[in-house]
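One structure is given here, and the rest of the page talks about it.
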Amino acid sequence: MKKLRKAYIGLIMAFLYAPIVLLILYSFNDSKSRAQWGGFTLRWYRELFADQAIMSALGTTLSIGLLAAALSTVLGTVGAIALFQMKRRPRGVMMSIVNLPMLNSEVVTGVSLMLLYAMARIQLGYLTLLLSHIAFCVPYVVLSVLPKLRQLDPHLAEAAQDLGATPVQGFLRVILPDIMPGVFSGFIMALTMSIDDFVVSFFTTGSGVSNLSITIYTMAKRGISPKINALSTIIFACVFVLLIGINLQDLRRDPRGREKVEKVRIPY
């Protein structure tokens, strides 16, 4: 039974990662055809960095992703704290509203935001793309932070103020360090969703502003270039290195899996 479970897990992992491995291999293929191997080459990586359209789209994707993730993390963390302090019935209503962008179809969200910008006479472009990404990233941050808030002692903030801390100091030096794993998870989730999004971006961006998903969609009409394989390989390598770093950080924890907590001095 144990061998059967291992074989089943191995089959699932192979199903998930075989396409990625194939993509990485073809990023070094000298031939444009995916049907034959033309030899090992790095020319697609050289052409990738020389392609101004892809580099511009990559820059837009990273800037939009980082800004949207940072702003939505701040808004989502504040919103999660406000929801946590609400009474049960109003919190349930607000949580339903917060969950709506995640449950709603991306086409509906994209068209709705596009109509909103048209009614507000806001020209479609970088700003509308950023605002749209913030709009659908905030709920993911809220859902990442709320569980950490529920794990806190409800009297922790009051205890910090009794020891002489101001409300801001109590939040920054007592509450925030405890919920930081949830805040970080929300930031990573928001960044991932922003980089991955296509439908909402397609409806809310303007001429001259294009992220990677839109650029790749446009290129797909003429056939995917091996340069996209090279770009995907680089993105996968960056994510892989990030995961290794997170796992190495986890190894520094104590045997019970909890981080070592340093004493925090609270001013009187």
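So for the sequence shown, the working numbering puts the first residue at 32; every next one is plus one.
All C-beta atoms, glycine included, are put in the ideal place defined by N, C-alpha and C.
Remember, predicted model here, so these are calculated numbers, not experimental data.
Distance from GLY141 to VAL240 at the Cβ level is roughly 15 Å; contact not present, criterion being Cβ atoms closer than 8 Å.
With fewer than 16 other Cβ atoms from the protein chains shown falling within 10 Å of its own Cβ, PRO198 counts as exposed. Rounded to whole angstroms, the gap between the alpha carbons of ALA149 and LEU161 is 16 Å.
Cβ-Cβ distances below 7 Å link SER103 to ILE165, CYS168, VAL169, VAL172, ALA221 in the same chain, with the five nearest sequence neighbours on each side left out; the list follows chain order. Residue state for ASN60 is assigned as strand, using DSSP reduced to three classes. For PHE71, the pairing in a beta bridge is given by DSSP as ASN60. Less than 7 Å separates the beta-carbon of SER58 from that of ASN260. When rounded, the separation of the alpha-carbon atoms in ASN60 and GLN67 is 9 Å. In this structure, the alpha-carbon of GLU137 lies about 12 Å from that of THR235. Two segments are said to touch when three or more pairs of C-beta atoms, one from each, lie closer than 8 Å; by this definition the stretch 171 to 186 touches the stretch 214 to 232. Straight-line measurement puts the Cα of MET133 at about 29 Å from the Cα of PHE202.
A direct Cα-to-Cα measurement between SER64 and LYS252 gives close to 16 Å.
Collapsing the DSSP output to three states places ALA188 in a helix. Secondary structure of ALA66 (DSSP, three-state): coil. ILE245 is classed as buried because its beta carbon has at least 16 other beta carbons within 10 Å across all chains shown. Per the C-alpha coordinates, the member of LEU177, GLN154, PHE46 positioned closest to MET126 is LEU177. Listed in chain order, the non-local C-beta contacts of SER263 below 6 Å within the same chain comprise LEU54, local neighbours out to five positions each way being set aside.
Of the candidates PHE218, MET86, MET211, PHE218 places its Cα closest to the Cα of LEU98. By the neighbour-count definition (other C-beta atoms within 10 Å, threshold 16), VAL52 is an exposed residue.
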